[in-house]
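K.L.:
The structure that follows is given in the form of structure tokens.
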Amino acid sequence: MSRAGRSAKSPDDAGAGPLRRLSRAEALAATFPPLMVEAERVAATVSQGVHGRRRVGEGETFWQFRRYQPSDPSQRIDWRQSAKSDRVYVRETEWEAAQSVWLWRDASASMNWRGTSSLPSKLQRADLLLLALAALLVRGGEYVALLGSGQLPASGRAALQRLAIQLHRDGEAAAGPGLPAAQPLPRDGRMVMIGDFLSPLEDIRTTVAAFARCGVRGHLLQILDPAEENLPFSGRVLFEGAENDGELLFGRAETVRDAYRSVYAEHQQALRDLARGVGWTMRAHRTDHAPQTVLLALYLTLSRLAAG
Amino acid sequence: MLSVGALSFAAPWALAALAALPALWWLMRVTPPSPRRVVFPPLRLLAMLSSREESAVRTPWWLLALRMALVTAVILGIARPLVNADTTLAGSGPVYILFDNGWASGEDWSQRMAALSQTIDRADREGRGIVLQPTAPAAPDVKAPRPALLTAARAREAVQTLVPSPWPTSRPQAVTSLVEAANEARWPPGAVVWISDGLAEPHGAEPVAALLDRLRALGQPTVLQPPPQRLPLLIAPPERDADAPKASVFRADGEGEKSVVLRLIGENGEPLATQAGRFAAGDRRAQVPLDLPTELAGRLARVEIEGARTAGAIWLVDERWQRRAVGLLDEGSNRDQPLLGGHFYLQRALQPYAEVRRGDLTTLLARPLSVLVLTDVGNPDSAMVDAIQRWVEQGGVLLRFAGERLARDIRVDDPLLPVALRPGDRTIGGALSWAGAGKLAAFEDAGPLHGLAVPPDVEIRRQVVAEPSLDVAERTWARLEDGTPLITGERRGEGWLVLVHTTADPEWSNLPLSGLFVDILRRIVGLAANAEGSSGAGSLPPLEVLDGFGRLGAPPPGTRALIGAGLLDARVSPGSPPGFYGRADARRALNLAPTVGELAALGHLPAGVGTATLGETAERDLQPWLLTIAVALGLADLALSLAMRGMFRLRPRRAPARACKAALMLALAAVSPLLPLTAAQAQTVVADESAAAAALSTRLAWVRSGDPRVDQISAAGLRSLGAVVNRRTAAELDSPVGVDPETDELTFYPFLYWPLTDRLRPLSPTAVRKLSDFMRGGGTIVFDLPARLDGADRAGLKEIARVLDLPPLIPVPEDHVLRRSYYLLSDLPGRRVGAPVWIERLGEHVNDGVSSVVAGSNDWAAAWAMDEDQRPLFPIVPGGERQREMAFRFGVNLVMYVLTGNYKSDQVHLSTILERLAP
């Protein structure tokens, strides 16, 4: 948690190495039989990662019959249906294409912080959740990619490992920006943004709107430390920003506690409204709560996003 | 100086700073403590808070109290509080200091100086002048300064020059000069401080009360005395008792009991003995016996009181108290024939406790002599008689023994005889007598010989007889059983004339053979004191003198010699301090005690005179304590501040590096005196390239013989042997190394090839040791002898064999493993063939069956030697290349044998093994 963005140690991530983290994340994902059952069920409904896109295209599921146009190739005529009436019909299938999930987590310096030494830092929790989610998605047959890595979404164990290595490399590098750079994404993709979203609301709005315009359905997961929410300090305190953004001196920190909490709640509410405004979902997670609940909820949200 | 009861402040102006304390308190209360630094990511949200309360938290009250206490301690420390400070000096004029620096002041000199400095300091504090007057007369070469009014700085300089003097004080003169100087210079009366040594004036001098009266004119007198237990002691001479000299120790006051220990020091300063004595209550004099065995008594140089540092505590011993000197008059005849001469027995008897001197009369009498022994001197000439008479009158003891000549030459009016003698002698118990030889009766009570036990076997056969007269009886000290006097003695002046009526040798009696002789002589010697010889007059220049502390040293310039009449009753004075005078071999000690006499304490002082005890400064300075407390509080404050800022968390979340370093520095500074700083010990690495090279791979070694041709052959031979071994066997040998057993380390090499040339160098012990260690450690030396050995070479070889302690050698047996270790060989050729090869006779389990010596004269290296093109260097004449091949095979066998030990020796026992395996 220095300004250079070195990741702090936490109880559930005592080792280095991306693959180690990956295995831990997989262990986390695999220890919940209910979650795995759910994952299986969801995976089954999603049928091998191929999702119907509700439009005409390549696929296996019947979509519609259409009148024959002179531009259509004659092999496509469905003779059975055409025999039932006196018009000539072409059978069309639903466009089923694999859905990709883009994952992103905030690697800025403000994430690499923890309130007390007994809790993991927000970055560690974000990494854990991201990797566990990716593991579940890959098991369910989805295509995952790390936003900003320049790689196409891929599935399979290799993709997972690549993801883990990329995460690690990002963690080793200097602290990244607080928000992802805008990039064009294919429509109907899904996106999960994990971070603390402490940047100014306008910037978040801009980024989210840019991705929503691409047609991506996203989910915001805000990771917060209980110290950030509660402001448990008292006495004369000099607060310093994590990203070199100034200092504030408070004579009695406990007097501003209530005011701060209300400001924080407003900020969270504004985030929720923002997400709902573009049709995304938003969830908050405190690092002192167990990650399993939020993981399940996230997974189900994603599948719901896919399904509907 | 501000005084509040027992507490007084030396710098009261500092207390004004206490007025600022309330302001400080208010300031500290108002100033908030430094904030805790916390990293907080959602700072932007905090910044959005509309209202921020700025009222800061206050410093906790206990921190405030700590800081107030710190500041108070510092202020009080600067104000220099003193507990029970000394009262000011009376009056307002100059301070007249009378300082006793006589012999008795060496005892507590440092305390006196401290008291003097304190008085000067106090006078300085009050801004008064100082007049310093020491009471002892100055040394003869030092001009006594007139008393002058001095400033404190000059007074301190003058104080530096004061030393205790080893002579007594002369207070009346000092007081007189002080009063006169004050009157002359019209100094106003002020205060008088007399730093005394606690002793009163001796009898006949002006008493102390009168002195104090005179001093009253100059101001209120205050007397500083030492405490009663620190009053000086004086040691007086031992009385000249023959057997047990006793020293007297005097003390000044008679209060209570006191024990005193005397140390008897020998000539070189070595302690001989210690004696303890005791002052009874109320007694001012103690007698301490000086018990020394006779061997040590002669070495006694001084007697000192333990723990005292004055000149009066040392008694210097000169010859008068040492071993009595006994002179045996040498007449030139053969007196000291062993067992026959009289001097022999006398010397034997006198030697343990007296110093025996031999010589003629003038030599003997030139130095102080106790006893002069004349053995059978018949008629001394008149000059001799006069000299002896004078000497006897001054305290010498003349001991004469009878004999032939005395019996023959008896004169009636011999002045050197105690009794008149009848001419002739008397034989007792001869052949024609009924009675036996004369036996001794018990000794007379009156004489000095009483109490001696008479052994029954002493018999006197001949003696000279005293002329009966009225005074013979009272001069007789010993008789025979029939009443005849045997030893007679007469007092003459200070000395004695003693006559033993028989001889000093066993001719006339067996008295000299008995132990009684020794006792008698001892008693007689004890009669004497070391009387001055006639030629002892003149002046005695000073040799070594005591200083005020009782240390012997060179006499200061101005010390006068003791002259003639002053010898006997010399007094210590500034011109003649106590010490040794005279010549180095005839020293005379001048001691202090006769000059001083008995000691008396100052006693009661008249009314109106303040007293104080020396050495007890009731003043106690609190400044160091207060400043220490202030420093401790400061450290505590620092630690607390750091803790409150959160620097001391167990796992600081985001402690800035500076604060961590600060805390660490603090801790380190606190414990740094305890950390031993030792330089890191670098491991000593033997940076030996050759050792590394030798140890990392197997190499063969050859011994440098000093002949470059032979060395070249050895090197080439071993190199090609190594190549052959590498090619044919699993062993991997690196290039061979030439070693010198004198300097190189041999332990790395499995075998050592040693071509013994015609010239054999002798081996140094280092080389021998290295080679022995090499062989004992399992190495093998292969000796390659030249073909023909002449006598010198053979001798040299024998020498090598002896020096290296080579074991007995046997020719290689037919079934030895050396012939079977790789190839099966029937003979072991080199360039020559036919000479036997010798090895050590060994059991299987010693050194794994490998012989530590292989010796032969087949010149193997020349057979193995090849040049770079693999062409052989030397032809092998009878056998040709086939023999060379055999030589190589022998070399391979040898290397395998040395490297593998008895691994192949099972081949020898193969039949046995097969037999055992088959049931």
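These protein sequence lines are chains A and B, in that order. Residue 195 in our numbering sits at position 195 of the first sequence; the count goes up by one each step and never skips. With positions in the second sequence counted from 1, the corresponding number in our numbering is that position plus 308. C-beta: ideal position from N, C-alpha, C; glycine also.
Based on the DSSP output, what are the partners of B:Y1057 in its beta bridges?
P.N.:
None, per the DSSP bridge assignment.
K.L.:
Would you check if the distance between the CB atom of A:I194 and the CB atom of A:L274 is smaller than 9 Å?
P.N.:
no
K.L.:
Excluding the 5 residues preceding and the 5 following B:A743 in the sequence, name in chain order all residues of the same chain whose CB lies nearer than 7 Å to its CB.
P.N.:
A distance below 7 Å between beta-carbons, with the five flanking residues on each side excluded, links B:A743 to the following residues of its chain, in chain order: G737.
K.L.:
Give the residues of chain A in contact with B:L335, contact being defined as C-beta atoms less than 9 Å apart.
P.N.:
The premise fails here: B:L335 is roughly 17 Å from chain A at the closest Cβ pair, so nothing lies under 9 Å.
K.L.:
Work out the CA separation of B:L440 and B:A423 for me, nearest whole Å.
P.N.:
13 Å
K.L.:
Below 6 Å CB to CB, which residues in the same chain sit around B:M1204 once its five sequence neighbours on both sides are set aside?
P.N.:
S1129 and Y1130
K.L.:
I need the DSSP call for B:I383, collapsed to helix, strand or coil.
P.N.:
Reduced to three states, the DSSP call for B:I383 is helix.
K.L.:
Quick one: what's got a C-beta closer than 8 Å to B:V1206's C-beta in the same chain, skipping five residues either side?
P.N.:
Sequence-distant Cβ neighbours of B:V1206 in its own chain, meaning closer than 8 Å and more than five residues away, are P1058, F1059, T1088 and V1158.
K.L.:
With DSSP as the reference, please indicate the residues paired to B:F587 in a beta bridge.
P.N.:
B:K566
K.L.:
Are B:D717 and B:G686 close, meaning C-beta to C-beta below 9 Å?
P.N.:
yes
K.L.:
Under the DSSP definition of a beta bridge, which residues are partnered with B:G498?
P.N.:
B:G527
K.L.:
Is there a Cβ of chain A sitting closer than 9 Å to that of B:S949, yes or no?
P.N.:
no
K.L.:
Any chance the segment 707-723 of chain B sits against the segment 802-821 of chain B, with 3 or more Cβ pairs inside 8 Å?
P.N.:
yes
K.L.:
In the DSSP output, what is A:Q222 paired with across the bridge?
P.N.:
A:G195 and A:A284
K.L.:
Return no unless some Cβ of chain A is closer than 9 Å to the Cβ of B:M1204.
P.N.:
no
K.L.:
Do the segment 931-944 of chain B and the segment 583-590 of chain B make contact, defined as three or more Cβ pairs closer than 8 Å?
P.N.:
Contact fails between the segment 931-944 of chain B and the segment 583-590 of chain B, because fewer than three Cβ pairs, one in each stretch, are under 8 Å apart.
K.L.:
Report yes or no: is there a C-beta of chain A within less than 9 Å of the C-beta of B:L372?
P.N.:
For B:L372, no CB of chain A lies under 9 Å from its own CB, so it is not counted at the interface with that chain.
K.L.:
At a CB-CB cut-off below 9 Å, which residues of chain A make contact with B:R375?
P.N.:
Here the premise fails: no neighbours, minimum Cβ distance about 17 Å.
K.L.:
If the criterion is Cβ atoms closer than 9 Å, does the pair B:N409 and B:T477 meet it?
P.N.:
yes
K.L.:
Establish whether the CB of B:F1059 and some CB of chain A are separated by less than 9 Å.
P.N.:
no
K.L.:
Could you tell me if A:W113 is buried or exposed, where buried requires 16 or more neighbouring beta carbons within 10 angstroms of its beta carbon?
P.N.:
The residue in question, A:W113, is buried, as its Cβ has 16 or more Cβ neighbours within 10 Å.
K.L.:
So, B:P389 versus B:A328, is the Cβ gap smaller than 9 Å?
P.N.:
no
K.L.:
By the criterion of Cβ-Cβ separation under 9 Å, what are the contact partners of B:V338 in chain A?
P.N.:
Neighbours of B:V338 on chain A: none; closest Cβ ~13 Å, over 9 Å.
K.L.:
Just verifying my parser: in three-state terms, what is the DSSP assignment at B:E1148?
P.N.:
strand
K.L.:
In angstroms, rounded to a whole number, what distance separates the CA positions of A:F239 and A:P120?
P.N.:
21 Å
K.L.:
Would B:W1259 be called buried (16 or more neighbouring beta carbons within 10 Å of its own) or exposed?
P.N.:
Lying before the first or after the last residue shown, residue 1259 of chain B is absent from chain B, which here runs from 309 to 1227.
K.L.:
Can you give the beta carbon distance from B:L507 to B:A908, rounded, assuming they're within the 8 Å contact cut?
P.N.:
Indeed they touch by this definition, with Cβ atoms about 7 Å apart.
K.L.:
Which of the three DSSP states is assigned to B:T264 in this structure?
P.N.:
Within the shown structure, residues of chain B are numbered from 309 to 1227, placing residue 264 of chain B beyond reach of any answer.
K.L.:
From A:E58 to A:Y299, what does the alpha carbon distance come to, in whole angstroms?
P.N.:
Between the alpha carbons of A:E58 and A:Y299 lies a distance of about 27 Å.
K.L.:
Below 9 Å between beta carbons is the criterion; list the residues of the segment 141-152 of chain A that meet it against any residue of chain B, in chain order.
P.N.:
For chain B, none of the residues of the segment 141-152 of chain A brings a beta carbon within less than 9 Å of one of its beta carbons.
K.L.:
Below 8 Å CB to CB, which residues in the same chain sit around A:A209 once its five sequence neighbours on both sides are set aside?
P.N.:
V278
K.L.:
Which of the three DSSP states, helix, strand or coil, is assigned to A:K9?
P.N.:
Here A:K9 scores only 45 on pLDDT, less than 50, and its place in the model is too uncertain to base an answer on.
K.L.:
Does the distance from the CB of B:R830 to the CB of B:A662 come in under 9 Å?
P.N.:
yes
K.L.:
When Cβ atoms are compared, which residues of the segment 1005-1028 of chain B fall closer than 9 Å to chain A?
P.N.:
none
K.L.:
Could you give the DSSP three-state label for A:Q48: helix, strand or coil?
P.N.:
In this predicted model, A:Q48 has a pLDDT of only 43, less than 50, meaning its place in the structure is not dependable enough to derive any value.
K.L.:
Which value, in whole angstroms, describes the spacing of the CA atoms of B:T1065 and B:G1188?
P.N.:
For B:T1065 and B:G1188, the gap between their C-alpha atoms comes out near 24 Å.
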